[in-house]
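Visitor: What the sequence shown shows, in this note's numbering, is residues 614 to 720, in sequence order.
Take this structure, written in structure tokens, and hold onto it; I'll ask about it next.
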Amino acid sequence: MNTTISNNGLPKLPQAAGQPGNSAAPESSASATGAGAPAAKADDQLKLTDSAKALQQAARTDATPVDTQRVERVRQALADGSYKVDAGRIADRMIAMERQLGDTGKA
């Protein structure tokens with residue numbers, strides 16, 4: 614999985630010598646990052662919270678197995694008009710989900 618991080622309009626930091634795409638001599642950090650902006654340090658670290666790790670795991674396409682046979686059965690039922698909607702079952706599950714989320718009893 615590739616993750617792209619946007620610089621959100623911040624100036625581009627110079628690449629370290631020897632990195633691909635760096636054909637010119639490295640610029641000074643003051644001219645590359647703007648006046649007074651600190652340069653990136655080699656020992657900078659990024660630590661993800663447990664929530665962020667869980668979100669990354671959930672975003673992985675292989676993290677949630679897909680029952681392709683069931684998907685195909687539903688697709689076929691939709692196509693031929695035989696798919697039946699059980700409104701009572703949907704309502705029951707919505708109520709159960711609301712209770713799990715902390716129903717305040719307001720109607």
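For each residue, glycine too, the CB sits at the ideal point set by N, CA and C.
Where are the alpha helix (DSSP H) runs, 4 residues long or more, that stay fully inside the region 687 to 718, in chain order?
Guide: You should have 700 to 713.
Visitor: Any idea what DSSP makes of Val684, helix, strand or coil?
Guide: Locating residue 684 in the sequence shown gives position 71, counting from the first residue. Reduced to three states, the DSSP call for Val684 is helix.
Visitor: With DSSP collapsed to three states, give me the class of Gln658.
Guide: Residue mapping note: residue 658 aligns to position 45 of the sequence shown, counting from 1. Gln658 falls in the coil class under three-state DSSP.
Visitor: Nearest-angstrom Cα distance between Leu691 and Arg706?
Guide: For the purposes of this step, residue 691 is identified with residue 78 of the sequence shown, where counting begins at 1. For the purposes of this step, residue 706 is identified with residue 93 of the sequence shown, where counting begins at 1. Leu691 and Arg706: Cα-Cα distance of roughly 22 Å.
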